[in-house]
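Colleague: What follows is a structure written as structure tokens; I'll ask about it next.
Residue numbers (full-length UniProt numbering): 1 to 438.
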């Protein structure tokens, strides 16, 4: 089923469900997940907080303004489009306090009545998932430096493999593919044949491909040992690097389809898990790790496309963390690197030491996964995590290899995964309070 049909079916399903919803505010999760119970609740009027004690003895505190703001009733929130109907800036006061708080007889739902008569109902499990860190209450475990579902890859790691036909025809395989990209960063799809356009078909599964300066897809034709091109068997070799570091909006998922392979010794694609490298650097030298999180490197590239010259340039830190301190993106490319940006002279040598240390880890065979693409193989990788390179061919190898490549935005892959998860779980397509999943 295409992404568009999946999306509109979800909208129809949610609209139908809303017609049977009480006008009273109801913020809930599906009945089969309503298991969590509250032991007691208390309004702390002085602090403007609702205190909830859970059955396990833990407690959570919620500001009343926060609870009013996240009300998900039909008057406040359109579930079909996941858009707000409430204008909190115009309608709410940060000092707002609920006039009444009630716990249901089964202790699975909390109902708040507001001074203007508005009523908000929260299922306890839904509310528990949206609890806030509290220095005076429950202390949440510190977020892991690396996302919990991430499986770090190194020498000898197996690349997860799935069938091209299954990806096109089976939604569960599509979801498996996207989950593996999220956890491993790298998935091999085989059985795609040699025809052009197979990358476009994968793009259609996700929604559509990202349009770049070359269009949606681009061919790569390497004529090894050819006198007219002068390409030697060693000329294709390159150190694993980030894709398109000179762009601000890089494609999130890179797909490389081998349409015609070249036999003989060598020519393997090499992959390095940037998260694994960053983890090792932090272990070896936390100061250098921090330097590469803050200093930016300028990258640039000039190309000619349809008789127009393009000069692309952007700067990134080598290591980017998210707002929770977890690894988010690794960008390192010697080929397109220009210089560090706005770094005082006395700090430049220190940054070079940090950069060289990171680069040596990238080149360390102990962190490298090698795979020689065969005709019909499509390697798909997370560009924010996986660095890709090539090994040289043996000196006697000659001939032509052909690839077709394309990208999908991370927003698109994350959207496709969410829709598939909700569709296959039978819960419609409404999805709230989630972060990018890939």
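Heads up, the beta-carbon is just placed ideally off N, CA and C, and yes, glycines get one too.
As an exercise, report each continuous beta strand (DSSP E) stretch of at least 3 residues that is fully enclosed by the stretch 86-141, in chain order.
Modeller: Within the stretch 86-141, the complete beta strand (DSSP E) runs of at least 3 residues fall at 100-103, 109-113 and 119-123.
Colleague: Taking the alpha carbon of residue 67 as the point to measure from, which residue in 78, 83, 49 and 53 has its own alpha carbon closest?
Modeller: 49
Colleague: Span of the beta strand (DSSP E) holding residue 238?
Modeller: 238-241
Colleague: Quick one: is residue 396 buried, meaning 16 or more other Cβ sit within 10 Å of its Cβ, or exposed?
Modeller: exposed
Colleague: Looking at C-alpha atoms only, which residue of 38, 83, 391 and 409 is the closest neighbour of residue 457?
Modeller: As displayed, the chain neither begins before 1 nor continues past 438, which places residue 457 out of reach and without an answer.
Colleague: Express the C-alpha separation of residue 368 and residue 13 in angstroms, rounding to a whole number.
Modeller: With a pLDDT of 41 at residue 13, under the threshold of 50, the predicted position of this residue should be treated as unreliable, though the coordinate-derived value follows. When rounded, the distance between both Cα atoms is 46 angstroms.
Colleague: Taking the alpha carbon of residue 100 as the reference point, which residue from 91, 60 and 118 has its own alpha carbon closest?
Modeller: 118
Colleague: Judging by CA-CA distance, which residue of 323, 254, 283 and 273 is the nearest neighbour of residue 454?
Modeller: Because the chain here runs from 1 to 438, residue 454 falls outside it and cannot be looked at.
Colleague: Which same chain residues, not among the five before or five after residue 77, have their C-beta less than 8 angstroms away from its C-beta?
Modeller: So the qualifying residues of the chain are 71, 83, 84, 85 and 86.
Colleague: Cα-Cα, which of 65, 40 and 62 is closest to residue 56?
Modeller: When each option's Cα is compared against that of residue 56, the closest is 40.
Colleague: Do you know offhand how far residue 301's Cα is from residue 336's?
Modeller: 7 angstroms
Colleague: Which same chain residues, not among the five before or five after residue 260, have their C-beta less than 7 angstroms away from its C-beta?
Modeller: 194, 375, 400, 401 and 402
Colleague: Please return the same chain residues whose Cβ sits closer than 7 angstroms to the Cβ of residue 29, not counting the five positions on each side in sequence.
Modeller: With a pLDDT of 44 at residue 29, under the threshold of 50, the modelled position of that residue is not reliable, and the figure given next carries that caveat. Excluding sequence neighbours, residue 29 sits near 123, 125 and 126.
Colleague: For the beta strand (DSSP E) that residue 273 lies in, which residues bound it at each end?
Modeller: Annotation: the continuous beta strand (DSSP E) that includes residue 273 extends over 269-273.
Colleague: Name the DSSP bridge partner or partners of residue 299?
Modeller: 314 and 337
Colleague: What residue range does the alpha helix (DSSP H) around residue 306 cover?
Modeller: Note, residue 306: premise wrong, no alpha helix (DSSP H); not H, not E.
Colleague: Would you give the residue range spanned by the beta strand (DSSP E) that residue 49 belongs to?
Modeller: Boundaries of the beta strand (DSSP E) harbouring residue 49: 49-54, taken from the DSSP string.
Colleague: Thinking C-alpha only, which one of 128, 90, 224 and 256 is nearest residue 373?
Modeller: Between residue 373 and the set 128, 90, 224 and 256, the nearest pair of CA atoms involves 256.
Colleague: Go ahead and pull the three-state DSSP assignment for residue 215.
Modeller: In this structure, residue 215 counts as strand in the three-state DSSP scheme.
Colleague: According to DSSP, is residue 422 part of a helix, a strand, or is it coil?
Modeller: helix
Colleague: Can you list, in chain order, the residues of its chain whose CB lies under 8 angstroms from that of residue 26, leaving out five sequence neighbours each side?
Modeller: Low confidence applies here, because residue 26 scores a pLDDT of 47, under 50, leaving its location unreliable; read the following figure in that light. Contacts found: 72, 73 and 121.
Colleague: Taking the straight line between their C-alpha atoms, what separation do you get for residue 425 and residue 111?
Modeller: 28 angstroms
Colleague: Can you give me the C-alpha to C-alpha distance between residue 393 and residue 378, rounded to a whole angstrom?
Modeller: 20 angstroms
Colleague: Here's the rule: buried if 16 or more other CB atoms are within 10 angstroms of the residue's CB, otherwise exposed. What is residue 52?
Modeller: buried
Colleague: What are the start and end residues of the beta strand (DSSP E) that includes residue 259?
Modeller: Annotation for residue 259: the continuous beta strand (DSSP E) segment containing it runs 253-260.
Colleague: Take residue 213 and list the residues in its own chain whose beta-carbon comes closer than 6 angstroms to its own, dropping the five residues that flank it on each side.
Modeller: Only 305 and 310 meet the Cβ criterion.
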